[in-house]
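Numbering (my numbering), first residue to last: 12 to 380.
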């Protein structure tokens, strides 16, 4: 077995800031107890502040494309200078530059990819053969992703696959007075509160909540909805706000923006939604369950492995705003069901999707390589 002082390079050149990117930071932070860990990100990205806040060592590279030979050579130099044993990548677009860097390097580290995205087409051409035969292991965040990889990557060049769910930390203890104060701030003390948390773009499906709220308001229900997160697509956000105004929902739908107090917002809500059309995993759903909040998610993708319909949450037909409204209404009228789902959801999240448990598994995987 390799020494626990093995050196790992966490790589993420993504310009975005979402679950994938923050998971990379968490990997760097959690793995440092057992390994030497260095991170590398693209210049001038939002990951800078998060790595800085945790005082984690990292480097930056100016990234122009996935196929830059110059950047691959620079990455190879970093690999050799720091005697990297394992390169851990997260963003699929980082595969080409990482594979080239491995080939350019003297160290020839193993490449491990945590696969956060779905795979929808066959990878049996020369280009993908070249890439995947140089990857050692793919860690799949859901069983569905692992099944896709086994389906679309030919066995002769397919890396080893392992199922490794993402995990959420234990819910932060928040005083009831703080939650009540937040409700007072948003004037939602007596209403049934619905939350949708995540990056604002069309894939995440915020428009479905707006449409569902129109159905619910037509029935005269006392519900408020909160859309929490920063905009990845300003044009889409503008359309959402126009639609809220057009449907006269300004008093019932609140755009909160980005917040670091996600747990407090979750506890303020009666239900948290996952409206993405086909979410690969859905960490927000798990976080809500750990916070003891009932969840409703679309019946596609990784959400099916998190929510057991009518047992640990509710599922609605993906893309169907009217069905989403019906599921919200179900919990609005049935507090016993809401409480039962929130309790069972918390139990499942603590057993299957606990942060410390999943990082212990990741540590063992890296130790055994």
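From the three backbone atoms N, C-alpha and C, an ideal C-beta is built for every residue, glycine too. Predicted model only: the values in this text are computed from it and were never measured.
Are residue i and residue j close, meaning C-beta to C-beta below 7 Å?
i           : j           : result
residue 112 : residue 302 : no
residue 360 : residue 297 : yes
residue 214 : residue 309 : no
residue 157 : residue 370 : no
residue 82  : residue 70  : no
residue 433 : residue 103 : Within the shown structure, residues of the chain are numbered from 12 to 380, placing residue 433 beyond reach of any answer.
residue 120 : residue 147 : no
residue 87  : residue 67  : no
residue 239 : residue 267 : yes
residue 299 : residue 352 : no
residue 242 : residue 251 : no
Alpha carbon to alpha carbon, how far is residue i from residue j?
i           : j           : result
residue 236 : residue 320 : 22 Å
residue 366 : residue 132 : 31 Å
residue 330 : residue 94  : 48 Å
residue 30  : residue 358 : 22 Å
residue 193 : residue 336 : 25 Å
residue 91  : residue 246 : 43 Å
residue 144 : residue 44  : 31 Å
residue 12  : residue 123 : For residue 12, the predicted structure reports a pLDDT of 38, less than 50, and the residue's modelled location is therefore unreliable. A value from the coordinates is still provided. Distance between the alpha carbons of residue 12 and residue 123: 18 Å.
residue 14  : residue 176 : In this predicted model, residue 14 has a pLDDT of only 45, less than 50, meaning its place in the structure is not dependable enough to derive any value.
residue 189 : residue 56  : 33 Å
residue 291 : residue 315 : 10 Å
residue 178 : residue 36  : 13 Å
residue 52  : residue 154 : 28 Å
residue 125 : residue 80  : 23 Å
residue 197 : residue 220 : 18 Å
Bridge partners of residue i, per DSSP?
i           : result
residue 124 : 100 and 149
residue 21  : 50 and 99
residue 268 : 239
residue 211 : 242
residue 171 : 148
residue 234 : 203
Can you round the beta-carbon distance between residue i and residue j to whole angstroms, since I take them to be within the 8 Å contact cut?
i           : j           : result
residue 323 : residue 274 : With a Cβ gap of about 19 Å, residue 323 and residue 274 do not count as contacting.
residue 11  : residue 99  : Residue 11 lies beyond the stretch modelled for the chain, which goes from 12 to 380, so this question has no answer here.
residue 199 : residue 173 : That belief does not hold up - the Cβ atoms of residue 199 and residue 173 are roughly 43 Å apart, past 8 Å.
residue 77  : residue 108 : 6 Å
residue 277 : residue 206 : 6 Å
residue 16  : residue 50  : Not a contact, Cβ separation roughly 17 Å.
Tell me the residue span of the alpha helix (DSSP H) that contains residue i.
i           : result
residue 60  : 58-64
residue 256 : 245-257
residue 205 : Here residue 205 belongs to no alpha helix (DSSP H); instead the beta strand (DSSP E) covers 203-208.
residue 11  : The requested residue 11 does not occur in the structure, where the chain is confined to residues 12 to 380.
Along the beta strand (DSSP E) that carries residue i, what are the first and last residues, could you check?
i           : result
residue 285 : 282-285
residue 69  : 69-72
residue 434 : Because the chain here runs from 12 to 380, residue 434 falls outside it and cannot be looked at.
Just checking: is the beta-carbon of residue i within a distance shorter than 7 Å of some beta-carbon in chain C?
i           : result
residue 243 : The structure shown contains no chain C; it is built from a single protein chain.
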